[in-house]
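> Sharing a structure, written as structure tokens. Questions coming.
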Amino acid sequence: MANARPRGWNESIIEQFRANAGQMKSGPFAGRSLLLLTTKGAKTGEERTSPLVYSRDGDRYVVIASKGGAPTHPSWYHNLRANPEVAVELGPEKFRARAHVADDGERRRLYDRHAERMPAFADYEKKTTRKIPVVVLERI
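Under our numbering, the first residue of the sequence shown is numbered 89, with each subsequent residue one higher.
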């Protein structure tokens with residue numbers, strides 16, 4: 089899925105998200121828990137927004153840097169590693185958050201819980217040899 093996206097794919101998802109207060113009405117994210125993550129570019133310093141499915145762990149938000157099981161990490165992951173303070177849009181709400189990569193002790197539990205709700209993530213692990221990072225977002 090990640091490699092076959094037409095140009096402007098993210099933009100159309102972001103537009104639908106914002107037009108419907110975070111409720112996706114059509115497409116692959118219809119009915120899914122989706123947030124918008126805005127990171128500061130690691131090299132450019134420019135803001136980049138990515139639509140991501142998420143799960144919850146208490147009051148924390150969990151996103152997975154799967155890139156559909158591709159052999160490389162997504163750009164947003166590299167950006168938040170360089171600049172861990174991010175912006176999150178969740179429905180009509182916007183807030184700042186600090187991102188950190190879950191350590192090995194926590195990673196498996198969070199990944200498995202995420203994949204229970206969205207089984208495609210179990211498949212992504214099978215498609216790649218890299219260890220897919222689990223990112224935790226905490227409000228600041």
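Every residue gets a Cβ at the ideal spot worked out from N, C-alpha and C, and that includes glycine.
Short check: CB of V170 to CB of A130, under 8 angstroms?
Position 82 of the sequence shown, counted from the first residue, corresponds to residue 170. Position 42 of the sequence shown, counted from the first residue, corresponds to residue 130. Note that residue 170 is Ala in the sequence shown, not Val. Going by C-beta atoms, A170 is nearer than 8 angstroms to A130.
> Over what stretch of residues does the beta strand (DSSP E) that includes E181 continue unbroken?
Locating residue 181 in the sequence shown gives position 93, where the first residue counts as 1. Element bounds for E181: E181 to V189.
> Pick out whichever of S100, A158, R136 and G146 has its Cα sitting closest to the Cα of E213.
Residue 213 sits at position 125 when you count from the first residue of the sequence shown. Nearest option by C-alpha distance: A158.
> Starting from K113, trace the alpha helix (DSSP H) in both directions and tell me its first and last residue.
Within the sequence shown, the letter at position 25 stands for residue 113. Note, K113: premise wrong, no alpha helix (DSSP H); not H, not E.
> Applying the 10 Å Cβ sphere with the 16-neighbour rule, what's the burial state of F183?
In the sequence shown, the residue the question calls residue 183 occupies position 95. Classification of F183: exposed, given that the 10 Å Cβ count is below 16.
> DSSP on D211, reduced to helix/strand/coil?
By one-based count along the sequence shown, residue 211 stands at place 123. In the structure shown, D211 sits in a helix (DSSP, three-state: H, G or I).
> Taking 7 angstroms as the line, does the beta carbon of D191 fall inside it for any heavy atom of the ligand NAD?
The model on display carries no ligand, and the ligand NAD is accordingly not part of it.
> Quick one: give me the first and last residue of the alpha helix (DSSP H) that Y142 is part of.
The residue labelled residue 142 in the question sits at position 54 within the sequence shown. Element bounds for Y142: n/a, residue is neither H nor E.
> From Y165 to A153, what distance separates their C-alpha atoms?
As a first step, residue 165 is located in the sequence shown; it is residue number 77 there, counting from the start. As a first step, residue 153 is located in the sequence shown; it is residue number 65 there, counting from the start. Cα-Cα distance, rounded: 6 angstroms.
> Roughly how many angstroms lie between the CA atoms of E204 and V151, to the nearest whole one?
If you number the sequence shown from 1, residue 204 lands on position 116. If you number the sequence shown from 1, residue 151 lands on position 63. Roughly 14 angstroms separates the two Cα atoms.
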